[in-house]
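**Q** Can you read through this structure? Questions will come right after.
This is the structure:
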């Protein structure tokens, strides 16, 4: 950006390009046309509604005040405390102190011990209990980074696999707040640890987490590339590697489906969902390979999600009515309900949208209150002269940090 007091349009263009988004992609993320984005960036169109300014800021991952210095600071929701804590935990080298000044040897870590600790962390991630899991994750990363360097050689592959899974858990948390920088860092570390574990399916799972990070941050071209590269590499070997690898391949197909839907590519969406459905039939229900929760139910809720992305609210709600959520984690059930709320909002069914969000909040409160897309949806639901009188919606807005 130029140093001389850049305009709103220049600020939007700068941060859009910084995130690697085209005008078309930014428009799709905020429900506007490419022409609208172009007009804003050329200062040919004013953005005089606070809700639209907040939507732009959320999508570009910047404070409102960065786009419009005159905007009220209180309109910007503070990041969740756990987010900053986890970001600091992955900053720098987690095992640097141990490498510079090794301490006295303690009890040797084992791969099974490490796996048990990581499994406990993933239970909390699947439950969307982020403030609870973050201190444990932060300590676990340091312990495993040290252990993988000091454990007996026979245990190192198992510990490296646990470390890769722990970093994938960190990445899954960062994806919830669209933190590209931290998510990318942890995805890279997860891939490196998986290679040390000599586990091809685990490496592919790391590629899936990288694709998810890019998708959540709106980097559609990069997310598509990451998911496609992972799927193309895994597809010829998935049958030999077994159901865990097939689950990862299916999860990569679901990322491709969402990317295609957000890009307005109906044919690509159908192709990716179709492949995922075939793979899910092979894998079956009741599995959670590499913490992907891949299976028929997960494919079904993604079919709802892509219908919402394509603007097919009626189809989304029809599909949603037939889904059995039993066996899915709180995180996945809450995410499904967010899409149900979005579909109802597209049909101007505000009451049903609010009901779905409140049910999602009951299931996974931290996920709902800290989710950027939920904040955008709540702002939209608040628009209109009579809607600010809805006490339930006002309460939800307050808990999400959305000004009423």
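Numbering (this note's numbering), first residue to last: 1080 to 1483.
Built from N, CA and C at the ideal position, the CB exists for glycine as well.
Fair warning: this is a prediction, and the values are worked out from it, not measured in the lab.
Which residue spans inside the segment 1245 to 1312 form an unbroken alpha helix (DSSP H) run of at least 4?
**A** Segments of the alpha helix (DSSP H) lying fully in the segment 1245 to 1312: 1259 to 1275 and 1279 to 1295.
**Q** 8 Å is my cut-off, CB to CB: does residue 1422 come that close to chain D?
**A** Protein chain content of the structure displayed is limited to a single chain, and chain D is not contained in it.
**Q** What is the C-beta distance between residue 1455 and residue 1479, in whole angstroms, given that I count them as a contact (C-beta under 8 Å)?
**A** Taking the first residue of the chain shown as position 1, residue 1455 is located at position 376. Taking the first residue of the chain shown as position 1, residue 1479 is located at position 400. At roughly 10 Å, the Cβ-Cβ gap does not stay under 8 Å, so residue 1455 and residue 1479 are not in contact.
**Q** Roughly how many whole angstroms lie between the Cα atoms of residue 1200 and residue 1375?
**A** For this step, residue 1200 is matched to residue 121 along the chain shown. For this step, residue 1375 is matched to residue 296 along the chain shown. Rounded to the nearest angstrom, the two C-alpha atoms are 25 Å apart.
**Q** Quick one: any contact between the segment 1100 to 1119 and the segment 1309 to 1325, if contact means 3 or more CB pairs under 8 Å?
**A** Short answer: they don't touch.
**Q** In whole angstroms, what separates the C-alpha of residue 1090 from that of residue 1146?
**A** In the chain shown, counting from the first residue as 1, residue 1090 sits at position 11. In the chain shown, counting from the first residue as 1, residue 1146 sits at position 67. Roughly 6 Å between the two C-alpha positions.
**Q** Alpha carbon to alpha carbon, how far is residue 1340 from residue 1389? Give it in angstroms, no decimals.
**A** For the purposes of this step, residue 1389 is taken as residue 310 along the chain shown, with counting starting at 1. For the purposes of this step, residue 1340 is taken as residue 261 along the chain shown, with counting starting at 1. Taking the straight line joining both Cα atoms gives about 6 Å.
**Q** Looking at residue 1378 and residue 1356, is the spacing between their C-beta atoms short of 8 Å?
**A** Position 277 of the chain shown, counted from the start, is the residue given in the question as residue 1356. Position 299 of the chain shown, counted from the start, is the residue given in the question as residue 1378. It is a contact, given that the beta carbons lie within the stated cut-off.
**Q** By DSSP, does residue 1331 sit in helix, in strand, or in coil?
**A** Stepping through the chain shown from its first residue, residue 1331 is reached at position 252. Residue 1331: helix per DSSP, three-state reduction.
**Q** With a CB to CB cut of under 6 Å and the five nearest residues on each side skipped, what residues in its chain are close to residue 1138?
**A** Working through the chain shown from its first residue, we reach residue 1138 at position 59. Closer than 6 Å at Cβ, skipping near neighbours: 1108 and 1109.
**Q** Does DSSP classify residue 1218 as helix, strand or coil?
**A** Counting from one through the chain shown, the residue named residue 1218 turns up at place 139. Helix, per DSSP.
**Q** From residue 1329 to residue 1354, what does the alpha carbon distance come to, in whole angstroms?
**A** Residue numbering aside, residue 1329 sits at position 250 when the chain shown is read from its first letter. Residue numbering aside, residue 1354 sits at position 275 when the chain shown is read from its first letter. One C-alpha to the other measures close to 7 Å.
**Q** Can you look up residue 1198 in the DSSP assignment and give me helix, strand or coil?
**A** Position 119 of the chain shown holds residue 1198. Residue 1198: helix per DSSP, three-state reduction.
**Q** Please confirm whether residue 1273 and residue 1243 have their CB atoms less than 8 Å apart.
**A** Within the chain shown, numbered from 1, the residue matching residue 1273 stands at position 194. Within the chain shown, numbered from 1, the residue matching residue 1243 stands at position 164. Going by C-beta atoms, residue 1273 is nearer than 8 Å to residue 1243.
**Q** To the nearest angstrom, report how far apart residue 1170 and residue 1251 are at their CA atoms.
**A** Stepping through the chain shown from its first residue, residue 1170 is reached at position 91. Stepping through the chain shown from its first residue, residue 1251 is reached at position 172. The straight-line gap from Cα to Cα measures roughly 17 Å.
**Q** For residue 1344 and residue 1382, what's the separation of their Cα atoms in angstroms?
**A** For this step, residue 1344 is matched to residue 265 along the chain shown. For this step, residue 1382 is matched to residue 303 along the chain shown. Looking at the two C-alpha atoms, the distance is approximately 14 Å.
**Q** Under 8 Å, do residue 1453 and residue 1402 count as touching if we go by C-beta distance?
**A** What you label residue 1453 is simply residue 374 of the chain shown in a count that begins at 1. What you label residue 1402 is simply residue 323 of the chain shown in a count that begins at 1. No, the pair does not count as a contact, with Cβ atoms beyond the cut-off.
**Q** Please identify the residue among 1425, 1231, 1459 and 1413 whose C-alpha is closest to the C-alpha of residue 1437.
**A** Along the chain shown, read from residue 1 onward, the residue named residue 1437 stands at position 358. The residue with the shortest Cα to Cα distance from residue 1437 is 1413.
**Q** Leaving out five residues on either side along the sequence, give the residues of the same chain with a beta carbon under 7 Å from the beta carbon of residue 1153.
**A** As a first step, residue 1153 is located in the chain shown; it is residue number 74 there, counting from the start. Since pLDDT at residue 1153 reaches only 41, below the 50 mark, its modelled position is unreliable, and the value read off the structure follows with that caveat. 1482.
**Q** With a Cβ-Cβ cutoff of 8 Å, do residue 1233 and residue 1193 count as a contact?
**A** Within the chain shown, the letter at position 154 stands for residue 1233. Within the chain shown, the letter at position 114 stands for residue 1193. For residue 1233 and residue 1193, no; Cβs fall outside 8 Å.
**Q** Considering only residues of the same chain and omitting the five flanking positions on each side of residue 1370, which have a CB-CB separation below 6 Å?
**A** Walking along the chain shown from the start, residue 1370 turns up at place 291. These residues qualify, in order along the chain: 1201.
**Q** Which residues in the same chain as residue 1276 place their Cβ atom closer than 7 Å to its Cβ, once the five residues preceding and following it in sequence are excluded?
**A** By 1-based counting over the chain shown, the position of residue 1276 is 197. Excluding positions up to five away in sequence, the list reads 1236, 1239, 1240 and 1243.
**Q** Quick check on DSSP: helix, strand or coil for residue 1322?
**A** For the purposes of this step, residue 1322 is identified with residue 243 of the chain shown, where counting begins at 1. Looking at residue 1322 - three-state DSSP - the assignment turns out to be helix.
**Q** Could you tell me whether the Cβ atoms of residue 1338 and residue 1306 are closer together than 8 Å?
**A** Position 259 of the chain shown, counted from the start, is the residue given in the question as residue 1338. Position 227 of the chain shown, counted from the start, is the residue given in the question as residue 1306. Cβ atoms of residue 1338 and residue 1306: closer than 8 Å.
**Q** Going by C-alpha to C-alpha distance, which of 1132, 1190, 1270 and 1222 sits closest to residue 1173?
**A** Indexing the chain shown from 1 puts residue 1173 at position 94. Taking only the C-alpha atoms, the option nearest residue 1173 is 1222.
**Q** Going by beta carbon distance, what residues of the same chain come within less than 8 Å of residue 1210, once the five residues before and after it are set aside?
**A** Start at 1 with the first residue of the chain shown, and residue 1210 comes out as number 131. Within the same chain, residue 1210 has close Cβ partners 1159, 1160, 1161 and 1445.
**Q** Assuming contact is defined by CB atoms lying nearer than 8 Å, are residue 1419 and residue 1472 in contact in what I supplied?
**A** Within the chain shown, residue 1419 is the residue found at index 340, counting from 1. Within the chain shown, residue 1472 is the residue found at index 393, counting from 1. No, Cβ-Cβ distance for residue 1419 and residue 1472 is not below 8 Å.
**Q** Measuring CA to CA, which of 1291, 1123 and 1143 is closest to residue 1131?
**A** In the chain shown, counting from the first residue as 1, residue 1131 sits at position 52. Closest by alpha carbon: 1143.
**Q** Quick check on the burial criterion: 16 or more other C-beta atoms within 10 angstroms. Buried or exposed for residue 1380?
**A** Reading the chain shown from its first residue, position 301 is the one you call residue 1380. Label assigned to residue 1380: buried.
**Q** Given this structure, state the Cα-to-Cα distance separating residue 1103 from residue 1097, to the nearest angstrom.
**A** Residue mapping note: residue 1103 aligns to position 24 of the chain shown, counting from 1. Residue mapping note: residue 1097 aligns to position 18 of the chain shown, counting from 1. C-alpha separation (whole angstroms): 15 Å.
**Q** Determine the contact status of residue 1334 and residue 1359, defining contact as a CB-CB distance below 8 Å.
**A** Position 255 of the chain shown holds residue 1334. Position 280 of the chain shown holds residue 1359. Cβ atoms of residue 1334 and residue 1359: not closer than 8 Å.
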